[in-house]
Amino acid sequence: MTITLNLDPAIALITDVEWVSNILAIGVALSIGVIWYHSRVFGKTWRRLANLELQDVSLKQRAKTAIIWQTPMLFFLAADMTAFLKHLQWSGALKGLILGYNFGMFVALFIAIHYLYDMRPAKLFFITAGYSLVALSAMGLVIGAML
3 MTITLNLDPA IALITDVEWV SNILAIGVAL SIGVIWYHSR VFGKTWRRLA
53 NLELQDVSLK QRAKTAIIWQ TPMLFFLAAD MTAFLKHLQW SGALKGLILG
103 YNFGMFVALF IAIHYLYDMR PAKLFFITAG YSLVALSAMG LVIGAML
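Using my numbering, read the sequence shown as starting at 3 and increasing by one per residue.
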């Protein structure tokens, strides 16, 4: 008995990248992050709860490293959302928003598990998970609108 596995449809979904919508979605997520973590929004509280000092030189270097790594990670999330939307044969901003929201809920709930074990403040969780939920929802909206 021979078992054959046809990966062509899966490979097509993964490699059929929607460059414009994905890059726009990444820009939206990064912009939301800049606003979300700004000192006048949640940044001051987030840094205090996470025990981060803005004047710390190593924090500034770590922030640069995080931004450098965040961009390709957001790209993979955008490409994955695109693949899911195509697989489900969904298009339109509302369906993209729904999918992005669901991605955000998965991430937020998984972050919650870590925060429970790490015994970190609930307020810190809501700031961190809130960004994930809002940014992923917005990314889904952008991608869905452009499919």
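Positions of the beta carbon are idealized from the N, C-alpha and C atoms, including for glycine. Bear in mind that the values here come from a model prediction, so they are computed numbers and not experimental data.
How many Å lie between residue i and residue j at the Cα?
i: His89; j: Leu101; result: 12 Å
i: Tyr117; j: Ser134; result: 15 Å
i: Ser41; j: Ser93; result: 36 Å
i: Thr73; j: Thr4; result: 42 Å
i: Leu76; j: Pro11; result: 23 Å
i: Asp120; j: Asn8; result: 43 Å
i: Asp82; j: Ile69; result: 20 Å
i: Pro123; j: Ala14; result: 43 Å
i: Leu99; j: Gln63; result: 33 Å
i: Leu32; j: Ala95; result: 19 Å
i: Ala131; j: Ala65; result: 18 Å
i: Trp38; j: Phe78; result: 21 Å
i: Gln168; j: Trp71; result: Summary: the structure shown does not reach residue 168, with the chain confined to residues 3 through 149, and so no result is reported for it.
i: Thr6; j: Val36; result: 48 Å
Take residue i and list the residues in its own chain whose beta-carbon comes closer than 8 Å to its own, dropping the five residues that flank it on each side.
i: Lys125; result: Thr47, Leu51
i: Tyr103; result: Leu135, Leu138, Ser139, Gly142
i: Met107; result: Leu135
Apart from the five residues on each side of it in sequence, which residues of its chain come closer than 7 Å, Cβ to Cβ, to residue i?
i: Val30; result: Ala140, Met141, Val144
i: Ala27; result: Ala80, Met141, Val144, Ile145
i: Phe86; result: Leu101
i: Phe127; result: Ile113, Ala114, Tyr117
With a Cβ-Cβ cutoff of 8 Å, do residue i and residue j count as a contact?
i: Val136; j: Ile34; result: yes
i: Met148; j: Val22; result: yes
i: Phe105; j: Leu138; result: yes
i: Asn24; j: Thr84; result: yes
CB-CB under 6 Å to residue i, same chain, minus the five flanking residues each way: which ones, in chain order?
i: Ile129; result: Phe44, Trp48
i: Lys97; result: Gly146
i: Leu61; result: Leu54
Measuring from the CB of residue i, is there a heavy atom of the ligand NAD at a distance below 7 Å?
i: Leu79; result: In terms of ligand content, the structure shown is empty, and the ligand NAD therefore cannot be addressed.
Counting only beta-carbon separations shorter than 8 Å, does residue i have a partner in chain C?
i: Ala95; result: The chain labelled as chain C is not found in the depicted structure, where only one protein chain is given.
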